[in-house]
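Enquirer: Can you read through this structure? Questions will come right after.
Number of protein chains: 2
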Amino acid sequence: MTSKQEFIEKLRNSSLRPTKQRINICEILFNRDKTFHFTINDLFNLIKDKTGEKVSLATVYNTVHAFHKKGYLKEIPINSNQTYFDTNVTDHHHFFDVKEEKLIDLKNEHVGPIEIQKSIPGKKIKSVEVLVKLED
Amino acid sequence: MTSKQEFIEKLRNSSLRPTKQRINICEILFNRDKTFHFTINDLFNLIKDKTGEKVSLATVYNTVHAFHKKGYLKEIPINSNQTYFDTNVTDHHHFFDVKEEKLIDLKNEHVGPIEIQKSIPGKKIKSVEVLVKLED
DNA sequence: TTCCTTGTTTATAATTATTCTAAAGAAGAT
DNA sequence: ATCTTCTTTAGAATAATTATAAACAAGGAA
Chain A
1 MTSKQEFIEK
11 LRNSSLRPTK
21 QRINICEILF
31 NRDKTFHFTI
41 NDLFNLIKDK
51 TGEKVSLATV
61 YNTVHAFHKK
71 GYLKEIPINS
81 NQTYFDTNVT
91 DHHHFFDVKE
101 EKLIDLKNEH
111 VGPIEIQKSI
121 PGKKIKSVEV
131 LVKLED
Chain B
1001 MTSKQEFIEK
1011 LRNSSLRPTK
1021 QRINICEILF
1031 NRDKTFHFTI
1041 NDLFNLIKDK
1051 TGEKVSLATV
1061 YNTVHAFHKK
1071 GYLKEIPINS
1081 NQTYFDTNVT
1091 DHHHFFDVKE
1101 EKLIDLKNEH
1111 VGPIEIQKSI
1121 PGKKIKSVEV
1131 LVKLED
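Order-wise, the sequence lines are chains A and B.
Per the numbering used here, the very first residue in the first sequence carries number 1; after that it's consecutive.
Per the numbering used here, the very first residue in the second sequence carries number 1001; after that it's consecutive.
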């Protein structure tokens, strides 16, 4: 169980002021065992449901983007009408269940090392991500 | 050089009526040597520029979606505010230059076989795609 | 504390990509 | 030609995201 105090420090360390709203969002995002995949809208609704306090949509966007920038969240590339984020920021891959519109983690060892045998002059690799689409 | 006649047949084979607009779009998309990565907006502007004829935006959406459905175009999963398509429908991967917002093909042999050593009950794999993000 | 500066939240407006709609037009078959 | 069906189109509708600017809260200094 992660304490509110830890979130406050986490925020301070990133020079983000620990506001009530941000702490609420931390509780929902980071106070859990398993990785969490979500859209802004999922999160927006969860905050209302779980904390009883309402946070404006703009703040949810601001906060998620701030956390993403600080490396606390990972954006997942799927072609969907909504952007997905992941609380697991380590290098890993995903299944995407197209029908259910649900993401499932794929551990690195379930994919094996990927060696990119081509390089683009003047550019370096930032990330390598595998997306496995699933159908019935 | 692919002829207009071939496009007409291609369209007929997919039970899409060969209209002037669709043929124009075919010329732009398929009458080229290298693979072509584009957004709907790119294509919309190209049609105006290259053919001199204007096609409504709705038709571009309709046609691209029809071609995608028929397997003549591939959708590429990137997190961007616009959806990207690719005229190369074979199984292959991509670099994405984040700064330039540009896609570059990655041949399968430059990535090597990817074996997904995990399965999800009741689901089968539809596609496996690697996205390599590039930075300066 | 109290004051001040700066960062944050908020409702709402603005923007942008995409889809929908309904009417006019073109293709294909008879 | 005529009829049916498919297609195009402009514009409206929708939905995700970003911008705006005023009210508010946090942190520091006096």
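No residue lacks a Cβ here, since even glycine has one placed at the ideal position from N, Cα and C.
Kindly indicate if chain B contains any beta-carbon less than 8 Å away from that of Pro77(A).
Expert: yes
Enquirer: Tell me the rounded alpha-carbon separation between Tyr81(A) and Lys1004(B).
Expert: The displayed chain sequence assigns Asn, not Tyr, to residue 81(A). For Asn81(A) and Lys1004(B), the distance between alpha carbons rounds to 35 Å.
Enquirer: Flag this pair as yes or no: are the beta carbons of Ile116(A) and Val1089(B) separated by less than 8 Å?
Expert: no
Enquirer: Using the three-state DSSP reduction, which class does Val64(A) fall into: helix, strand or coil?
Expert: Reduced to three states, the DSSP call for Val64(A) is helix.
Enquirer: Suppose you measure from the CA of Phe30(A) to the CA of Lys69(A); what does that come to, to the nearest Å?
Expert: 16 Å
Enquirer: Between Pro113(A), Thr87(A), Gly122(A) and Asn79(A), which lies nearest to Asp105(A) when the distance is taken from Cα to Cα?
Expert: Thr87(A)
Enquirer: If the cut is a Cβ gap below 8 Å, which residues of chain B does His110(A) touch?
Expert: For a Cβ distance threshold of 8 Å, residue set Ile1116, Gln1117 and Lys1118 of chain B lies close to His110(A), ordered along the chain.
Enquirer: Got a sec: which bits of the region 125 to 136 of chain A sit with their beta carbon under 7 Å from any beta carbon on chain B, in order along the chain?
Expert: Ile125, Lys126, Ser127, Val128, Glu129, Val130, Leu131, Val132, Lys133, Leu134, Glu135 and Asp136
Enquirer: Which whole-angstrom value describes the C-beta separation of Phe85(A) and Glu100(A), a residue pair presumed to lie in contact below a C-beta threshold of 8 Å?
Expert: About 18 Å separates the beta carbon of Phe85(A) from that of Glu100(A), a gap too long to meet the 8 Å contact definition.
Enquirer: What is the DSSP secondary structure of Thr59(A), counted as helix, strand or coil?
Expert: Thr59(A) falls in the helix class under three-state DSSP.
Enquirer: With respect to the beta strand (DSSP E) encompassing Leu1016(B), which residues constitute its N-terminal and C-terminal limits?
Expert: Unbroken run through Leu1016(B): none, as it is neither H nor E.
Enquirer: I want to see whether chain B comes within less than 8 Å of Ser19(A), judged by CB atoms only; does it?
Expert: The sequence as given places Thr at residue 19(A); Ser does not occur at that position. No, Thr19(A) lies away from the interface with chain B (no Cβ there is under 8 Å from its Cβ).
Enquirer: According to DSSP, which residues form a beta bridge with His93(A)?
Expert: BP columns for His93(A) point to Leu106(A).
Enquirer: When burial is assigned at 16 or more other CB atoms within 10 Å of the CB, is Lys1020(B) buried or exposed?
Expert: exposed
Enquirer: Do you know how far the Cα of His1037(B) is from the Cα of Leu1103(B)?
Expert: 7 Å
Enquirer: Between which two residues does the beta strand (DSSP E) holding Thr87(A) run?
Expert: Here Thr87(A) belongs to no beta strand (DSSP E), and DSSP marks it neither H nor E.
Enquirer: In chain B, what lies closer than 8 Å to Leu106(A) by C-beta?
Expert: Ile1116 and Lys1118
Enquirer: For the putative contact between Ile1120(B) and Phe95(A), defined by C-beta atoms under 8 Å, what is the C-beta separation to the nearest angstrom?
Expert: 6 Å
Enquirer: According to DSSP, which residues form a beta bridge with Lys50(A)?
Expert: In DSSP, Lys50(A) forms no bridge with anything.
Enquirer: Is Tyr61(A) buried or exposed, if buried means 16 or more other CB atoms sit within 10 Å of its CB?
Expert: exposed
Enquirer: Run through DSSP, which three-state label would Lys4(A) get?
Expert: helix
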